[in-house]
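These protein sequence lines map, in sequence, to chains P and D. So the mapping is simple: the working numbering equals the position in the first sequence, first residue as 1, plus 621. So the mapping is simple: the working numbering equals the position in the second sequence, first residue as 1, plus 621. Comments concern the structure below.
2 protein chains.
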Amino acid sequence: MSELKLTPRSEDYSKWYNQVIMRAQLADYAPVRGCMVIRPSGYALWENIQQALDRRFKAAAVENAYFPLLIPKSFLEKEKEHVEGFSPELAVVTIGGGEVLDEPLVVRPTSETILGHMWANWIKSYRDLPMRLNLWNNVVRWELRTRLFLRTLEFLWQEGHCAYSSAAEAEAETIQMLNVYTDFAVNDAAIPVIPGRKSESEKFAGAVRSYTIEAMMGDKKALQSGTSHFLGQNFAKAFDIKFLSKDNQLEHAWTTSWGLSTRMIGGIIMVHGDDQGLKLPPKLAPIQAVIIPIFKNDAEKSKVIPVIDQLRQQLAETVRVKVDDREETPGFKFNDWEMRGVPLRIEVGPKDVEKGTVVFARRDVPGREGKSFVPQAGIVEAARSALVTIQSDLLKRATEFRDAHTHEPKSYAEFKAVVEDSFARVWWCGDRQCEADIKEETKATTRCIPLEQPGGSGMCVHCGKPAQEVAIFAKAY
Amino acid sequence: MSELKLTPRSEDYSKWYNQVIMRAQLADYAPVRGCMVIRPSGYALWENIQQALDRRFKAAAVENAYFPLLIPKSFLEKEKEHVEGFSPELAVVTIGGGEVLDEPLVVRPTSETILGHMWANWIKSYRDLPMRLNLWNNVVRWELRTRLFLRTLEFLWQEGHCAYSSAAEAEAETIQMLNVYTDFAVNDAAIPVIPGRKSESEKFAGAVRSYTIEAMMGDKKALQSGTSHFLGQNFAKAFDIKFLSKDNQLEHAWTTSWGLSTRMIGGIIMVHGDDQGLKLPPKLAPIQAVIIPIFKNDAEKSKVIPVIDQLRQQLAETVRVKVDDREETPGFKFNDWEMRGVPLRIEVGPKDVEKGTVVFARRDVPGREGKSFVPQAGIVEAARSALVTIQSDLLKRATEFRDAHTHEPKSYAEFKAVVEDSFARVWWCGDRQCEADIKEETKATTRCIPLEQPGGSGMCVHCGKPAQEVAIFAKAY
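In structure tokens form, the structure reads like this:
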């Protein structure tokens, strides 16, 4: 399929996005509305995301666990804001083993409530705290408008849940995990996210404060790419999670939760992809380099293949490399691997064999400029170094793109024009009604109040009231 | 909790089993009947099982993917035997987003049907075959009698699904994956399983032939620990999975499926555990060695701790090691880590520091006999070698136990006595009614018809008819 040209992004971004996913075989539509099948190329990418995060979680003394899929419906109703936030989105099991259930069970939309229930049993003393858990699992939210990876009825994610004996520790950890997400997004996914606080109206149902990392996509819309919530004592009170403090007082625990999902794959597609297809950051690419044999006849083939075998073996120790030995033309293979976003293509033909060289072609630099002759002798080091360069160039380009499309309008009129097609970074009063008015008038929402603030104060871009903080406004996925 | 003594296995095996799980904190009961929470110690063990299998799957050219949780109910009804097998066990979502659904959705009990649906789209030509997929996911089966790890409403597993262009290839792969399970069970879990074929009445709903690995637990009951099914063209016909063959003929594909679940953790507990608790095989143990500092006062502590720091660092490169620096007595710690099944305990006290030694204590060899003095200088090699010995001794002991409790009764009277408390290895006619009668009369079922057969023929132990094969009968979980 991948020999077909994609619809250019400039023509129809959304169509381009779906075509990339289908042709790079990342995913496919499932028979149930809004659900998806993640195909091997997409799942291998998710596995690399998992590993990159899991390593960071373990370094932060977080332990993995598994909590059940099915939650008594009454649990969801225990925390007032939580139930309001999630009720419209629930999938409910009412029949089990052929019988109508006494109490309906909810397919988890998130696990705060079941964690709360178990923690009430497990946490007795300050010595049981902190408790730091992470769950890799699937959740279901009955979304009306769905899109592959970005918003699906079922999605894969990790949800971290921690309990602490003090508010300060809990909120510090909320920020710590946001920093883990930022570090992962910037350094592994090559996505220059903006870490910040969510506004009151955008925060998680049941949180005291929500934090987010926000990224700019190729169409200049924002994607919320990971969130970290300080839940205060809200869930501890709803589920009676109490511990005996060092001073022998019975206190409610302070809890947090934080999550990042397969939505990140949508972000990677939209931040880096181009009209030739996917462009994967080397650190996450399941295949980092693909070797394409070039030959016209059997005589040439017999020269080329043994050299390729040897090069592959050398490379395999440090690079995730694949040889494409399919019976297709080199041109077909070039297009196919470009579509699939493999960062580095290595071409080996009979002339290369004679000269002891190979051709490197960078996925991120089109045409002649991205090509170079590399001596076979130093191929491992050259490939490693090319991948490092590609990784940092992807980040550099995405950062430049974001910065070129982030403006600081000085008036509301200017603001309205900016958010049509850019991020607006503006003083904002923080008022819920003011935010609602802006959304109504422009379709732009507060993406976050960045952690990094200029200091001082200003006038709200919309209502003119005094503003203490700068916020990012944009249209969003 | 773990300082409390367990109920001895000889007194109440089932109680012992549950206590081990709770006290070693492998899992806990969830609020929904029959569901469980897998706690970090249990989940880390599962992660190691996953890695050990995943490595083998990838070596067999199987790719991971993800298929949706929710399946249209009508899909389950397409394959006649499949629907009969699974209908009584389904959890059904009837409400989504507050509305009653037009078509109820089933929470997957297994994914043959949804694979079938997608494959019908993806598989067009012999060039698309073989297709080898594996899914790591959760499934729900509405079981009436449940038991932690062994049989839960929801469980974690992997389900492999492959499609081939010929029956021979498909059945060869069914056996190949059974061999993967056997290799994993024997060499990583130290469980001497018996690979074999399931009888007609015990096979998977929808399979032509089912294969299994069967293990003997500490109470001499059998545990089906992994299964591999040759599905023939049953699902291909039900879902219209057709491909154009090399000869340009439209043919139905031949499919297989194979699965191994968190049930394996129950097997590990019951094969190796003793009255002191869990006994983990080193290859799968999340913590392979625990270092316990021994000191009576601060002066001794200040001698011991720096040495331990250094030893931990050296060991960490090749051994999964943990230092227990909790403020508890050494005696408490010894019991606690015995309960949790850590294979090797390393004690370091002031005298050890003076002599440049440490004490090794093997979990699998109780008392003085399992203890040895080891020079600090060679600790890494000594630990590695001790773990190898423990691994192979666990397998040896489990094999001896199984063989000592596997008999070949010559009469049905003898058979009845044997299956009370052992495995019976007997000539069996293969008749469905004969099998049903034996089950009715003894509660023993055919566990498998071992792949390894003595050859020749005999007389059925029950009905006396001619028998071509030997089968294993036992009571089972």
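Backbone N, C-alpha and C define an ideal beta-carbon position, used for all residues, glycine too.
**Q.** DSSP three-state assignment for P/M622, whether helix, strand or coil
**A.** Note that P/M622 scores 43 on pLDDT, short of 50, meaning its location in the model is unreliable and no value can be drawn from it.
**Q.** C-alpha distance - P/M622 paired with P/Y638, whole-angstrom precision
**A.** For P/M622, the predicted structure reports a pLDDT of 43, less than 50, and the residue's modelled location is therefore unreliable. The matter cannot be settled from this model.
Q: Could you round the C-beta distance between P/A811 and P/H703 to whole angstroms and report it? I think they count as a contact, below 8 Å.
A: About 35 Å; that fails the 8 Å criterion.
Q: Could you pull out every residue in the same chain whose Cβ sits closer than 7 Å to the Cβ of D/G1079, ignoring the five residues on either side in sequence?
A: W1048, A1088
Q) Can a CB atom of chain P be found closer than 9 Å to the CB of D/N639? A) no
**Q.** Burial state of D/E624, where buried means 16 or more other Cβ atoms lie within 10 Å
**A.** Because D/E624 sits at a pLDDT of 48, beneath the cut-off of 50, its placement in the model cannot be relied upon, and the following sentence gives the value as read from the coordinates. Looking at its Cβ environment, which holds fewer than 16 other Cβ atoms inside 10 Å, D/E624 is exposed.
Q) At least one CB of chain P closer than 9 Å to the CB of D/E700: is that the case? A) no
Q) When the cut-off is 9 Å and only beta carbons count, does P/L674 lie next to chain D? A) no
Q) Cβ of P/F678 less than 9 Å from any chain D Cβ? A) no
Q.
So for P/Q909, helix, strand or coil by DSSP?
A. coil
Q: At 4 residues or longer, and completely inside the region 962-1021 of chain P: list those alpha helix (DSSP H) runs for me, N to C.
A: 971-976
Q | Own chain, CB closer than 7 Å to D/L750, minus 5 neighbours either side, in chain order | A | I744, A784, Y785, S786, F864, A874
Q.
Helix, strand or coil for D/Y1098? Go by DSSP, reduced to three states.
A. coil
Q. Taking Cβ-Cβ distances shorter than 7 Å, what residues in chain P pair up with D/W763?
A. G717, G718
Q: Compile a chain-ordered list of the residues in the region 814-827 of chain P whose CB is closer than 9 Å to at least one CB of chain D.
A: none
(Q) Could you check whether D/M885 and D/S846 sit closer than 9 Å to each other, using their CB atoms as the reference points? (A) yes
**Q.** Distance between D/V761 and D/P661 (C-alpha atoms, nearest Å)
**A.** 21 Å
(Q) I'd like to know if D/N669 contacts chain P, where contact means its C-beta is closer than 9 Å to some C-beta of that chain. (A) no
Q.
I want to see whether chain P comes within less than 9 Å of D/D649, judged by CB atoms only; does it?
A. yes
Q. From D/T795 to D/A788, what distance separates their C-alpha atoms?
A. 10 Å
Q. Is any heavy atom in the ligand SAH found nearer than 8 Å to the beta carbon of P/C1081?
A. The model on display carries no ligand, and the ligand SAH is accordingly not part of it.
Q: Please name the residue or residues paired with D/C1069 in a DSSP beta bridge.
A: D/I1093
Q) So, do the region 990-1001 of chain D and the region 962-982 of chain D have three or more beta carbon pairs nearer to each other than 8 Å? A) yes
Q.
Among the candidates P/E990, P/A998, P/R1005, whose CA atom is the shortest distance from the CA of P/V974?
A. P/A998
Q.
Rounded to the nearest angstrom, what separates P/F860 and P/G737 at their Cα positions?
A. 5 Å
Q. How many angstroms separate the CA atom of P/L965 from the CA atom of P/R989?
A. 14 Å
Q) Since P/V925 contacts P/R933 with CB under 8 Å, what's their CB separation in whole angstroms? A) That belief does not hold up - the Cβ atoms of P/V925 and P/R933 are roughly 12 Å apart, past 8 Å.
Q: Could you check which residue in D/A920, D/R1068, D/P730 has the C-alpha nearest to that of D/E705?
A: D/P730
(Q) Per the DSSP calculation, P/D649 is bridged to which residue(s)? (A) P/V658
Q: Would you tell me roughly how many angstroms separate the C-alpha atoms of D/R961 and D/G952, rounded to the nearest one?
A: 14 Å
Q | Through-space distance from P/T876 to P/V793, alpha-carbon basis | A | In the sequence on display, residue 793 of chain P carries Ala and not Val. Cα to Cα, P/A793 sits roughly 11 Å from P/T876.
Q.
Let me confirm a value: D/K1064 is counted as buried when at least 16 other C-beta atoms fall within 10 Å, else exposed. Which label applies?
A. exposed
Q: Identify the contact partners of D/M885 in chain P, using a Cβ-Cβ distance below 7 Å as the criterion.
A: The premise fails here: D/M885 is roughly 15 Å from chain P at the closest Cβ pair, so nothing lies under 7 Å.
Q. Taking the C-alpha atoms as reference points, what is the distance between D/I834 and P/S820?
A. 55 Å
Q: For P/V807, I'd like the list of residues in its chain whose CB is within less than 7 Å of its CB, leaving aside the five on either flank, ordered along the chain.
A: P813, V814, L1016
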